[in-house]
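Structure first, commentary second.
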Amino acid sequence: MEHILIIEDERDVNRLLAQTLKEGGYKTTSAYDGMEGLRMAENGAFDLIMLDLMLPYFSGDEVLRRLREKSNVPVIMISARDMVRTKTDLLTLGAVDYITKPFDLGEVLARVVSNLRRCKKEESRKQLTYGNLVLDKVFCFS
13 MEHILIIEDE
23 RDVNRLLAQT
33 LKEGGYKTTS
43 AYDGMEGLRM
53 AENGAFDLIM
63 LDLMLPYFSG
73 DEVLRRLREK
83 SNVPVIMISA
93 RDMVRTKTDL
103 LTLGAVDYIT
113 KPFDLGEVLA
123 RVVSNLRRCK
133 KEESRKQLTY
143 GNLVLDKVFC
153 FS
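For the sequence shown, position 48 (counting from the first letter as 1) is numbered 60 according to this note's numbering, and the numbering increases by one without interruption.
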């Protein structure tokens, strides 16, 4: 079962995302501020992170920046900000997708499925196989 970290300070939104993802067959863990979320992301094995932009302690872009120093785990940004410049900056920084609030839960689930599938395909192409030996060239997940 794939494990998703949700870093979102609005408890109702966090709970709603967790419930939707659990119903979609995923295991979830929740964090409610940037510092806690970064610590959990660095110490846990997550297949994907959903990260709000506006967080207490560390903003979402700071969490993403620090995370990218150590990990290639896919990160989907979530924000009420709908400015093209914000989206392009975060995608350039290393986010795999950007969802604008308010969002449709069906679309959120579809984007999670799509990004996890894409990452798995990329991961499978980054292996060298010789007989029974398989070497990973690059890890997609932390």
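For glycine and all other residues, C-beta sits at the position ideal for the given N, C-alpha and C.
No experiment lies behind these values; they were computed from the predicted model shown.
Please report the straight-line C-alpha distance between residue i and residue j, rounded to a whole angstrom.
i	j	result
residue 40	residue 16	5 Å
residue 80	residue 106	7 Å
residue 55	residue 78	13 Å
residue 32	residue 145	39 Å
residue 34	residue 52	19 Å
residue 96	residue 113	14 Å
residue 129	residue 93	27 Å
residue 28	residue 36	12 Å
residue 132	residue 91	25 Å
residue 115	residue 57	27 Å
With a threshold of 7 Å on Cβ separation, who are the neighbours of residue i within its own chain once the five nearest residues in sequence on each side are excluded?
i	result
residue 99	110
residue 127	60, 86, 88, 108 and 109
residue 42	18, 26 and 30
residue 70	46, 47 and 50
Leaving out the 5 sequence neighbours to the left and right, which residues in its chain are closer than 6 Å to residue i when beta-carbon positions are compared?
i	result
residue 22	none
residue 103	none
Could you tell me how far apart the beta carbons of residue i and residue j are, in whole angstroms, since I believe they sit closer than 8 Å?
i	j	result
residue 20	residue 64	4 Å
residue 38	residue 13	7 Å
Does at least one heavy atom of the ligand NAP sit under 7 Å from the Cβ of residue i?
i	result
residue 64	Among the components of this structure there are no ligands whatsoever, and the ligand NAP is therefore not found.
So, with DSSP's three-state summary, where would you put residue i?
i	result
residue 101	helix
residue 93	coil
residue 24	helix
residue 43	strand
residue 120	helix
residue 125	helix
Go through its chain and collect everything with a Cβ distance to residue i's Cβ below 8 Å, but skip five positions before and after it.
i	result
residue 75	19, 46, 49, 50, 53, 63 and 67
residue 123	88, 109 and 111
residue 101	73
residue 121	32, 33 and 36
Requested in this report: Please list the segments of the beta strand (DSSP E) lying wholly inside the region 47-75, counting only runs of 3 or more residues, in order along the chain.
Outcome: For the region 47-75, whole beta strand (DSSP E) runs of length 3 or above, ordered along the chain, are 60-64.
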